[in-house]
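Each step along the sequence shown adds one to the number in the working numbering, with nothing skipped, and position 90 is 94.
To start, the structure itself, in structure tokens.
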Amino acid sequence: VIPLAGPYPEIWQARETLEMPLYLADIAGESVLELIGESLRSRRYVVTYIFIVKESVAKAFDIDALCAKAVNYAPLKIVKVKMDTLSSIHTILHVPSEYIADNTPL
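Listed below in structure tokens is the structure:
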């Protein structure tokens with residue numbers, strides 16, 4: 005589970021571009037999100053990645069494609085939430101249970 009729907013006090017403003025969450029910022033040709041995905045993929049887990057993103061961010065950016073690219077097109081689910089959440093844990097606790105379909109503790 006990759007919670008990305010928290011409040012964004014760390015908005016990054018690139019020259020002449022839209023404001024965006026920090027996880028979409030470019031570092032040496034890759035977004036922070038891609039670097040996170042690369043780190044997760046290096047562990048060679050066979051999983052379905054669950055990204056939790058703000059609906060407003062998903063509309064402003066091509067989040068479906070960005071998340072798929074970040075995990076090298078591995079199986080994934082993208083949950084879009086309307087509300088602001090207070091933290092990563094708060095984000096996860098507000099995901100409908102159908103997105104986390106087993107009894108494995110988080």
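Even for Gly, the Cβ is constructed at its ideal location relative to N, Cα and C.
All figures in this text were calculated on a predicted structure; none of them were measured in a lab.
N-terminal and C-terminal residue of the beta strand (DSSP E) that residue i is part of
i, result
"L97", "Taken as a continuous stretch (DSSP letters only), L97 belongs to no beta strand (DSSP E), being part of the alpha helix (DSSP H) at 92-97."
"P7", "6-8"
Host alpha helix (DSSP H) of residue i (start-end)
i, result
"L44", "36-45"
"L70", "67-74"
Three-state secondary structure assigned by DSSP to residue i
i, result
"V57", "strand"
"K86", "coil"
Buried or exposed by the 16-neighbour rule on C-beta atoms within 10 Å, applied to residue i
i, result
"T52", "exposed"
"K58", "buried"
"D27", "This sequence places Tyr at residue 27; Asp is not what is there. It counts as buried."
"P79", "exposed"
"I93", "exposed"
"E14", "Bear in mind that the predicted position of E14 carries a pLDDT of just 49, short of 50, making it unreliable; the figure below should be weighed with that in mind. Classification of E14: exposed, given that the 10 Å Cβ count is below 16."
Alpha-carbon spacing of residue i relative to residue j, whole angstroms
i, j, result
"D30", "P100", "31 Å"
"E102", "C71", "20 Å"
"S118", "L37", "Absent from the model: residue 118. The displayed extent of the chain is 5 to 110, so no value can be given."
"S35", "V5", "18 Å"
"R47", "V85", "28 Å"
"P7", "H98", "11 Å"
"V50", "D68", "20 Å"
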